[in-house]
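Here the structure comes first, spelled out in structure tokens, and everything after it is commentary.
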Ligand SMILES: CC(C)(COP(=O)(O)OP(=O)(O)OC[C@H]1O[C@@H](n2cnc3c(N)ncnc32)[C@H](O)[C@@H]1OP(=O)(O)O)[C@@H](O)C(=O)NCCC(=O)NCCS
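In our numbering, the protein residues as written are 1 to 181.
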């Protein structure tokens, strides 16, 4: 049986992660998909949470990736912390066997363990609803993409202790690398 290992990336994985992103997001019109640069620019920046850059190692080879990085939610009442999910990628020849779901779920579980409460994503609702994401605009969250409606999604993770305040609402601010995708 082929072994699946889900774990945070380490510095030696950078090249393999780039190759996964380049293969998953390959387009005939660009040499390097923007998702590769996005991850390179986020890595090592303030938004980076090392425990939440998750790789899927299948048969000893890195074939999948799910990244959660820091975003800030601002409102009249102040600012709060949240995470953004993405990019999510699985190399084409390993898609449709559950690796994408496994690596996303591993990232969400790791975030819950760190006490994180709110995660946003921009993507196909048909894919992300299986993890519990739903429309973020209906949770009081806006972003440059909220006008898109359904693809702008969020999930609230369960509180680790009772009496924890509700997750923040307001405008979700993404760090500069996101403006290039
Ligand atoms: C999206 C992606 C990560 C899914 O990885 P995967 O390992 O194939 O996913 P899983 O095997 O866990 O799940 C497959 C399921 O997801 C669905 N799915 C895959 N990509 C999808 C997409 N873009 N939109 C909607 N559903 C999608 C499949 O139809 C399948 O559904 P089923 O379980 O009902 O049959 C992978 O297809 C990929 O890397 N795509 C290119 C990059 C990309 O678009 N990333 C997402 C950016 S928002």
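Glycine is no exception: its CB is placed at the ideal position from the N, C-alpha and C atoms.
Note that the coordinates shown come from a computational prediction; the quantities given were computed from them, not determined experimentally.
Query                                                                                                                                                                : Result
Please find out if some non-hydrogen atom of ligand 1 comes closer than 6 angstroms to the beta-carbon of residue 146.                                               : no
Return the CA-CA distance between residue 29 and residue 159, expressed in angstroms with no decimal places.                                                         : 44 angstroms
Could you tell me which residues DSSP pairs with residue 173 in its beta bridges?                                                                                    : 72
List the whole-angstrom C-beta distance separating residue 264 from residue 133, where the pair is believed to meet the contact cut-off of C-beta under 8 angstroms. : Examination of residue 264 is not possible in this model, given that the chain is present from 1 through 181 alone.
Return the residue from the list 71, 152 and 88 that minimises the CA-CA distance to residue 80.                                                                     : 71
Residues near ligand 1, CB to any non-hydrogen atom under 5 angstroms, in chain order?                                                                               : 24, 88, 89, 90, 95, 96, 98, 99, 100, 101, 123, 124, 126 and 127
Please tell me whether residue 169 and residue 140 are closer than 7 angstroms, where the distance is taken between their beta carbons.                              : yes
The alpha helix (DSSP H) spanning residue 42 covers which residue range?                                                                                             : 34-42
Check residue 105 in the structure and name its three-state DSSP category.                                                                                           : helix
Report the CB separation of residue 33 from residue 42 in whole angstroms; it is logged as a contact under 8 angstroms.                                              : At roughly 15 angstroms, the Cβ-Cβ gap does not stay under 8 angstroms, so residue 33 and residue 42 are not in contact.
Measuring only the C-alpha atoms, how far is residue 9 from residue 58?                                                                                              : 14 angstroms
Hey, quick one: how far does the beta strand (DSSP E) through residue 81 stretch, first residue to last?                                                             : 78-90
Applying the criterion that 16 or more other CB atoms from any shown protein chain within 10 Å of the CB defines a buried residue, is residue 167 buried or exposed? : buried
Cutting at 7 angstroms between CB atoms, please list the residues of its own chain near residue 5, excluding the five before and the five after it.                  : 57
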